[in-house]
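End of the sequence shown sits at 276 in my numbering; the numbers just go up one at a time, nothing left out.
The structure appears below as structure tokens.
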Amino acid sequence: SILLKELSNDSYSLAMFYQRRARRILPALFFVALTCIPFAWFWLPPKDMIDFAQSLSAVSIFSSNLYFLSESNYFDIEAELKPLLHTWSLAVEEQYYVFFPLILALVWRLRQQALTPTLLVLAFLSLYFSYWSAEYYPKAGFYLLLTRAWELLIGSLVAIAIFKGRIIHWIKPKFNDVLSIIGLLLLLLSIVLFDQHTPFPSFYALLPTIGTALVIMSAVKGTFANKILSSRMLVQLGLISYSAYLVHQPL
Numbered sequence: 026s027i028l029l030k031e032l033s034n035d036s037y038s039l040a041m042f043y044q045r046r047a048r049r050i051l052p053a054l055f056f057v058a059l060t061c062i063p064f065a066w067f068w069l070p071p072k073d074m075i076d077f078a079q080s081l082s083a084v085s086i087f088s089s090n091l092y093f094l095s096e097s098n099y100f101d102i103e104a105e106l107k108p109l110l111h112t113w114s115l116a117v118e119e120q121y122y123v124f125f126p127l128i129l130a131l132v133w134r135l136r137q138q139a140l141t142p143t144l145l146v147l148a149f150l151s152l153y154f155s156y157w158s159a160e161y162y163p164k165a166g167f168y169l170l171l172t173r174a175w176e177l178l179i180g181s182l183v184a185i186a187i188f189k190g191r192i193i194h195w196i197k198p199k200f201n202d203v204l205s206i207i208g209l210l211l212l213l214l215s216i217v218l219f220d221q222h223t224p225f226p227s228f229y230a231l232l233p234t235i236g237t238a239l240v241i242m243s244a245v246k247g248t249f250a251n252k253i254l255s256s257r258m259l260v261q262l263g264l265i266s267y268s269a270y271l272v273h274q275p276l
């Protein structure tokens with residue numbers, strides 16, 4: 026949304042975008058990574074300490090997804106001895122943010138009307154590779170940007186639709202309650218039904234991803250879902266969500 030606003034105001038700056046990302050992501054990430062060092066030094070056996078040191082290097086350049094792809098499956102028992110394993114998803118996100126602003130600016134300047142169709146095509150291609158890799162290369166499908174980009178692209182498409190006001194025209198106010206509750210149910214189903222044996226992401230990831238999109242689009246003020254998600258406890262949890270994500274695996 027910020028990038029779209031800047032593009033429409035002719036104030037787009039790639040350098041400022043990356044600066045904002047760095048200020049949001051890096052301080053807490055580096056703090057947690059450095060905090061892990063003394064515990065790893067005292068508790069990990071030599072082989073795992075070497076792995077930890079290598080993962081620390083990968084984290085610093087947002088390539089930990091590639092490193093852990095070469096190491097182990099996410100649900101292996103040995104994963105418990107990898108305190109930075111969870112940073113694979115942060116690496117995917119940051120790799121996405123290397124390419125997405127460039128694609129966004131290029132398509133915007135060439136033909137604004139082609140932005141949504143272009144991102145839809147990219148999302149469908151990524152989803153197809155996600156499905157294909159779940160069958161033949163499940164490890165790669167779990168860790169790589171190519172097979173995960175569609176999940177992030179759905180979020181970007183939602184942001185574009187909201188920015189352009191298109192959602193207002195095709196979602197009637199009376200449907201917001203229904204759609205937002207469906208979104209919450211899809212999220213809950215993902216939590217209850219998925220386990221380490223679920224081929225993922227593949228088409229299964231559509232449940233939480235579409236569920237999240239429906240909540241973002243439809244849980245407007247006055248809806249039941251909005252009342253739930255606006256509760257003081259959940260708002261506070263949302264404010265610390267990035268920090269909670271960073272510390273859960275080391276703990």
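Each residue gets a CB set at the ideal place from its N, CA and C atoms; glycine is no exception.
Treat the numbers as computed from the prediction; the structure is a model and nothing was measured.
Close-in-space but distant-in-sequence residues of the same chain around residue i (CB under 7 Å, 5 per side omitted)
| i | result |
| --- | --- |
| S158 | A165, G166, T172 |
| L214 | L232 |
| L81 | A58, L109 |
| W133 | L32, L140 |
| N79 | Note on identity: in this sequence residue 79 is Gln, with Asn being the wrong assignment. Closer than 7 Å at Cβ, skipping near neighbours: Y92. |
Between the CA atoms of residue j and residue i - distance to the nearest angstrom
| i | j | result |
| --- | --- | --- |
| P108 | L276 | 8 Å |
| V4 | L239 | No answer is possible for residue 4: it lies beyond the span of the chain, which begins at 26 and ends at 276. |
| S26 | M41 | 14 Å |
| S85 | I206 | 39 Å |
| S256 | G263 | 11 Å |
| S88 | Y156 | 23 Å |
| R46 | W66 | 30 Å |
| D281 | L209 | Outside the displayed range of the chain (26 to 276) lies residue 281, so it cannot be described from this structure. |
| L131 | N34 | 16 Å |
| L259 | S268 | 15 Å |
| Y162 | L169 | 11 Å |
| F56 | I50 | 11 Å |
| H273 | Y121 | 23 Å |
| L129 | S266 | 27 Å |
| C61 | Q261 | 25 Å |
| A139 | F125 | 15 Å |
| Y92 | K246 | 43 Å |
| E22 | F154 | Residue 22 cannot be examined here, being either before or after the span of the chain that is shown, 26 to 276. |
| T223 | A230 | 10 Å |
| E119 | F149 | 21 Å |
| Y43 | I253 | 34 Å |
| F64 | F219 | 32 Å |
| R136 | F77 | 46 Å |
| R48 | P70 | 34 Å |
| E96 | P52 | 26 Å |
| L94 | V123 | 20 Å |
| F200 | T248 | 10 Å |
| W68 | I75 | 12 Å |
| P1 | G190 | Residue 1 is absent from the model: the chain starts at 26 and stops at 276. |
| I216 | T143 | 31 Å |
Chain-order list of residues whose beta-carbon lies under 6 Å from that of residue i (same chain, five-residue window excluded)
| i | result |
| --- | --- |
| L106 | D73 |
| E31 | Y37 |
| L29 | F188 |
| S90 | The sequence given here has Asn at residue 90, not Ser. Excluding sequence neighbours, N90 sits near W113, A116, V117, Y168. |
Nearest-angstrom beta carbon gap, residue j and residue i [assumed within contact, 8 Å]
| i | j | result |
| --- | --- | --- |
| A104 | L147 | Not really, about 31 Å apart at Cβ, beyond 8 Å. |
| I179 | L211 | Wrong, their Cβ atoms sit about 13 Å apart, outside the cutoff. |
| I185 | T141 | 6 Å |
C-beta atoms of residue i and residue j nearer than 9 Å
| i | j | result |
| --- | --- | --- |
| L152 | F225 | no |
| L145 | L182 | yes |
| L127 | L204 | no |
Nonlocal neighbours in the same chain, by C-beta distance under 8 Å from residue i, ignoring five residues either side
| i | result |
| --- | --- |
| L54 | V84, T112, L115, L271 |
| A250 | D202, S205, I206, G208, L209, V240, S243, A244 |
Contact test: residue i Cβ vs the ligand GTP heavy atom, cutoff 8 Å
| i | result |
| --- | --- |
| L259 | The ligand GTP is not part of the structure shown, which contains no ligands of any sort. |
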